[in-house]
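To start, the structure itself, in structure tokens.
Below is the structure:
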């Protein structure tokens with residue numbers, strides 16, 4: 112993963128520059144409400160234009176500092192002595208786990224919720240999430256069946272508990 | 360005298376079985392949330408906000424404040440036992456807490472952390488009661504020009520202090536937040552901006568869905584990505600679970616200083632508990648006689664870190680209540696919650712609801728008592744809490760992330776916003792962009808936008824009043840100095856000049 116590196120900063124700076132430019136143009140071309148005879152200094156596009164320009168400037172500085180090879184350290188302000196965790200390299204994790212957690216959660220939130228009853232969507236989500244992340248590769252067939260049954264039970268229990276708590280306890284309407 | 364009467368009246372109002380019940384469950388839940396790595400105070404407050412819609416305003420704010428105080432304190436548990444801060448606020452706690460746990464003194468480290476947190480919050484509460492009313496009064500003199508600079512000041516300082524090694528990334532995060540705030544109907548002419556033809560964007564991006572995404576979903580992803588940590592769950596048999604009075608007395612100056620530093624850091628917009636803890640820790644280390652033991656299990660270091668982060672909570676509420684500018688990310692959610700419950704934070708609060716500040720002080724006192732009691736007597740229970748497997752906890756947390764934003768408006772669109780901010784927030788975090796300025800940008804965007812355009816309209820397009828009015832000029836000078844001093848070239852030049860001066864001084868001494 113690129114993460115906090117000079118290369119990542121270079122790519123990010125290009126994206127941010129584009130975003131800033133889009134905001135600047137968007138603010139500049141925004142309706143100036145002349146028909147309502149507003150004060151020219153109060154046009155709705157004024158602040159977006161300023162923000163767009165400021166973002167382009169910051170993106171330029173980020174690109175420049177990344178090109179100098181110093182990456183994030185180029186604009187060092189707070190010393191490691193004061194903010195020690197900032198200098199600690201982040202521990203890498205499993206990309207596979209991340210991909211599954213992100214993809215599956217998005218499918219649940221944007222696909223399942225609203226399409227099937229909330230308790231069912233939630234039960235499926237919790238059960239599959241639990242089974243996937245606690246799956247033991249060397250387990251016997253019986254253990255696997257028991258594990259899956261436990262996951263389904265936990266999913267149902269969790270879904271019913273959450274739905275009941277919100278709908279009945281806090282009087283919240285569920286999706 | 361008036362202050363004491365107001366505090367007494369607030370005490371009476373909150374000393375009811377129902378309110379005390381709220382204190383108990385909300386603080387316990389807060390400690391639980393803070394204890395678990397991956398569940399932050401901001402996320403806890405944001406999720407709980409969605410559950411308080413049906414409560415009356417006093418009970419709702421009490422619940423949220425107990426969650427906030429409990430979560431910040433709870434972070435010390437995992438910092439001490441796992442060497443992983445439960446919340447970013449407890450990162451400094453881990454430096455000395457974990458070595459103490461490794462040496463079989465986990466129980467005592469937690470007890471000292473509890474005492475430190477309670478002292479820190481109490482110092483902060485005293486300063487809240489003393490400083491908030493005059494600050495609100497001073498803020499009544501603020502006009503559009505001053506509010507514009509206040510918003511810029513918040514973004515710049517927050518970006519600079521939370522950006523860690525790169526203030527530039529803090530500024531960029533702040534700008535991104537301000538850009539998000541430009542979406543939807545603007546506050547002067549009600550013109551719809553950047554809705555891209557999506558009707559749901561006309562009202563702008565809701566703070567709660569954005570926060571739940573950036574602090575909830577992003578945390579779920581971070582936790583599932585990380586490797587599992589090992590709990591030190593065997594405290595030595597003779598380990599104390601009550602702090603020694605002698606230790607508390609020995610570190611009284613450290614605790615008081617850390618309490619004041621933490622509160623002052625809290626007052627600075629959008630900076631937050633982690634900086635409060637680091638600043639207190641650094642100050643304690645500089646002045647300590649036991650400097651060598653810092654980072655190796657120093658009781659003084661642990662006290663400083665915990666007192667510092669807890670004192671930020673009341674500190675962060677000072678600008679939140681008097682200026683509607685949050686001192687930390689959880690305080691930003693609290694501002695949103697206040698508006699939901701019909702309380703308008705800002706300079707008018709001492710006129711419209713003069714007793715509310717004292718009510719908040721009393722809520723904080725109750726929360727402090729609760730963390731002291733639970734922290735000292737439920738130590739073993741909280742060790743068990745840390746053993747809840749992430750594959751059980753995280754799907755439940757994400758389910759809450761889905762329900763919470765939806766409950767606010769009953770629109771599926773809010774779930775989309777939450778997911779988008781979760782993915783976006785995760786990527787930004789991995790690249791070391793701080794979240795606090797982003798949140799502050801979303802909150803302050805409307806204020807900045809309206810104040811600039813209103814100010815320019817009042818001055819007929821003339822920029823001069825932005826620089827000549829006394830308060831505006833002060834803000835402008837501080838902002839410019841902050842930015843200039845954060846430039847690497849300037850910092851190098853200052854460092855060289857100081858080195859030269861020192862060298863000349865030393866040469867002069869040796870010649871003499």
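Chains as they are written, first to last, in this note's numbering: chain A, 112 to 286; chain B, 360 to 871. Even for Gly, the Cβ is constructed at its ideal location relative to N, Cα and C.
- Sequence-distant partners of residue 421 (chain B) (beyond 5 residues in either direction) whose C-beta falls short of 8 Å from its own C-beta, in its chain, are 373, 378, 381, 382, 385, 722, 725.
- At a cut-off of 8 Å, the C-beta of residue 251 (chain A) has no neighbouring C-beta in chain B.
- Interface residue (Cβ-Cβ distance to chain A less than 8 Å): residue 530 (chain B) is classified as such.
- Take the alpha-carbon of residue 157 (chain A) and the one of residue 502 (chain B): they are about 19 Å apart.
- At least one C-beta of chain A is nearer than 8 Å to the C-beta of residue 750 (chain B).
- Using a Cβ-Cβ distance cut-off of 8 Å, the region 202–219 of chain A and the region 246–253 of chain A are not in contact, since fewer than three pairs of beta carbons, one from each stretch, lie closer than that value.
- The C-beta of residue 129 (chain A) comes no closer than 8 Å to any C-beta of chain B.
- With contacts defined by Cβ atoms closer than 8 Å, residue 799 (chain B) and residue 517 (chain B) form a contacting pair.
- Closest in alpha carbon position to residue 686 (chain B), among B:862, B:520, B:737, is B:520.
- Residue 120 (chain A) is classed as buried because its beta carbon has at least 16 other beta carbons within 10 Å across all chains shown.
- Using a Cβ-Cβ cut-off of 8 Å, residue 579 (chain B) is close to 212, 216 of chain A, given in chain order.
- Straight-line spacing of the CA atoms in residue 168 (chain A) and residue 550 (chain B) works out to 27 Å.
- Contact residues of the region 533–564 of chain B toward chain A are 534, 537, 538, 541, 545, 547, 548, 550, 552, 553 (C-beta to C-beta distance below 7 Å).
- The Cβ atoms of residue 155 (chain A) and residue 548 (chain B) lie closer than 8 Å to each other.
- Apart from sequence neighbours up to five positions away, no residue of its chain approaches residue 414 (chain B) with a beta-carbon distance below 6 Å.
- Contacts with chain B at 8 Å (Cβ-Cβ) do not include residue 160 (chain A).
- Here DSSP, grouped into helix, strand and coil, assigns residue 645 (chain B) to helix.
- Listed by position along chain B, the residues whose Cβ is nearer than 9 Å to that of residue 157 (chain A) are 808, 811, 812, 815.
- For residue 265 (chain A), the closest C-alpha among the options B:665, B:363, B:751 is that of B:751.
- Beta-bridge analysis with DSSP links residue 762 (chain B) to no other residue.
- Our two residues, residue 570 (chain B) and residue 226 (chain A), have alpha carbons roughly 25 Å apart in a direct line.
- At least 8 Å separates the CB of residue 829 (chain B) from every CB of chain A.
- When DSSP states are grouped into helix, strand and coil, residue 227 (chain A) belongs to the strand group.
- Interface residue (Cβ-Cβ distance to chain A less than 8 Å): residue 434 (chain B) is not classified as such.
- The Cβ atoms of residue 449 (chain B) and residue 438 (chain B) lie closer than 8 Å to each other.
- In this structure, the alpha-carbon of residue 473 (chain B) lies about 26 Å from that of residue 408 (chain B).
- Secondary structure note for residue 606 (chain B): its alpha helix (DSSP H) is the uninterrupted segment 604–609.
- Residue pairing from DSSP places residue 543 (chain B) in a beta bridge opposite B:552.
- When secondary structure is reduced to three states using DSSP, residue 754 (chain B) falls in the helix class.
- For the region 495–511 of chain B, the set of positions with a beta-carbon nearer than 8 Å to some beta-carbon of chain A is empty.
- Under a criterion of Cβ atoms nearer than 8 Å, the residues of chain A adjacent to residue 755 (chain B) are, in order, 237, 269, 273.
- Ranked by Cα distance from residue 603 (chain B), the options B:678, B:467, B:654, B:681 are led by B:467.
- Less than 8 Å separates the beta-carbon of residue 483 (chain B) from that of residue 625 (chain B).
- If you draw a straight line from the Cα of residue 511 (chain B) to the Cα of residue 566 (chain B), it comes to about 19 Å.
- Under a criterion of Cβ atoms nearer than 7 Å, no residue of chain A is adjacent to residue 372 (chain B); the nearest Cβ is some 23 Å distant.
- Of all alpha-carbon atoms in B:737, B:847, B:677, the one lying nearest the alpha-carbon of residue 433 (chain B) is that of B:737.
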